[in-house]
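Protein chains in written order, with the working numbering: chain X, 3 to 85; chain U, 3 to 85.
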C-alpha cells in the first residue's frame, strides 16, 4: 500500500457540506477497490481539492473517485512524508 | 489562523533525508512568521511536494519557504478539511 495525493481543479465554490458529501461517496465504494481516503482539504476560491489516500495503485484511486462521480485531475504517489 | 497547502513542482529525485532537511529548515524560521508547518508529502518521480501549514496568511507561508531556500510554486488557503 502506498499513499497518494490526488488533486481536483474544478471545485470552485465547494462548501463544507459538499466536501463531506463527496468524501462520503468515496467511502461508500473505496473498500471494493482496496483504497482508503484518509483526509481532504479544499480551497473553494480556486476550486482546488486535495485528497490523501492509501491505495494499491493510482488506478485504484482513480476508479474510486470516478465511481463516486468526481474524477481527479492529478494523482501522485507520495511515498515520502513527514508527520 | 488558517490552514494552507503549498506545492513545489521542481523537486524531482528528492530523498527522504532531503525532505526532512528542508522541513527542518522551515521549522527553524517559522516561528518568526507565526507559521507552523505540520505535514509534508513528496512524489520524487514528478518532483511534487505538498506542505500543509497553519499560518496567518499565504504571504507568511511564502516568506518562511523563501527564507528556508525553497519558494513554493503554489499556495492555497484550505479553510475546509476532512480529518
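Where is the CB? At the ideal position from N, CA and C, for every residue including glycine.
*Own chain residues within Cβ distance below 7 Å of residue 80(X), not counting five before or after*: Taking the first chain and counting its residues from 1, one reaches residue 80(X) at position 78. Cβ neighbours of residue 80(X) beyond the five flanking positions: 5, 6, 7.
*Can you pull the chain X residues whose beta carbon is under 9 Å from the beta carbon of residue 33(U), in chain order?*
Counting from one through the second chain, the residue named residue 33(U) turns up at place 31. Neighbours of residue 33(U) on chain X: none; closest Cβ ~18 Å, over 9 Å.
_If the criterion is Cβ atoms closer than 9 Å, does the pair residue 39(U) and residue 54(U) meet it?_
For the purposes of this step, residue 39(U) is taken as residue 37 along the second chain, with counting starting at 1. For the purposes of this step, residue 54(U) is taken as residue 52 along the second chain, with counting starting at 1. Yes, the pair counts as a contact, with Cβ atoms nearer than the cut-off.
*How far does the beta strand (DSSP E) with residue 44(X) in it reach, from first residue to last?*
Position 42 of the first chain, counting from 1, holds the residue named residue 44(X). DSSP places residue 44(X) in the uninterrupted beta strand (DSSP E) bounded by 38-45.
*asked:* Just to make sure I have the definition right: I need the residues of chain X whose C-beta is within less than 7 Å of the C-beta of residue 48(U). Which are they?
replied: As a first step, residue 48(U) must be located in the second chain, where it is residue number 46. Within chain X, 78 have C-beta atoms less than 7 Å from the C-beta of residue 48(U), given in sequence order.
_Give me the chain U residues within the contact set of residue 21(X), using Cβ-Cβ distance strictly less than 9 Å, ordered along the chain._
The sequence position of residue 21(X) within the first chain is 19, counting from 1. What residue 21(X) touches in chain U: 82, 83, 84.
_Residue span of the beta strand (DSSP E) that contains residue 79(U), given as start and end_ = Here the question's residue 79(U) lines up with position 77 in the second chain. It spans 76-79 - the beta strand (DSSP E) in which residue 79(U) sits, taken as one unbroken run.
*If you compare alpha carbons, which of 46(U), 85(U), 68(U) is closest to residue 15(U)?*
To locate residue 15(U), count along the second chain from 1; it is residue 13. If we check each option's Cα against that of residue 15(U), 46(U) comes out closest.
*Using a cut-off of 8 Å between C-beta atoms, extract the partners of residue 5(X) located in chain U.*
As a working note, residue 5(X) is residue 3 in the first chain. Within chain U, the residues near residue 5(X) are 43.
*asked:* Suppose the cutoff is 8 Å on Cβ atoms and the five residues either side in sequence are ignored; what does the same chain contact list for residue 62(X) look like?
replied: The residue labelled residue 62(X) in the question sits at position 60 within the first chain. 35, 36, 37, listed in sequence order.
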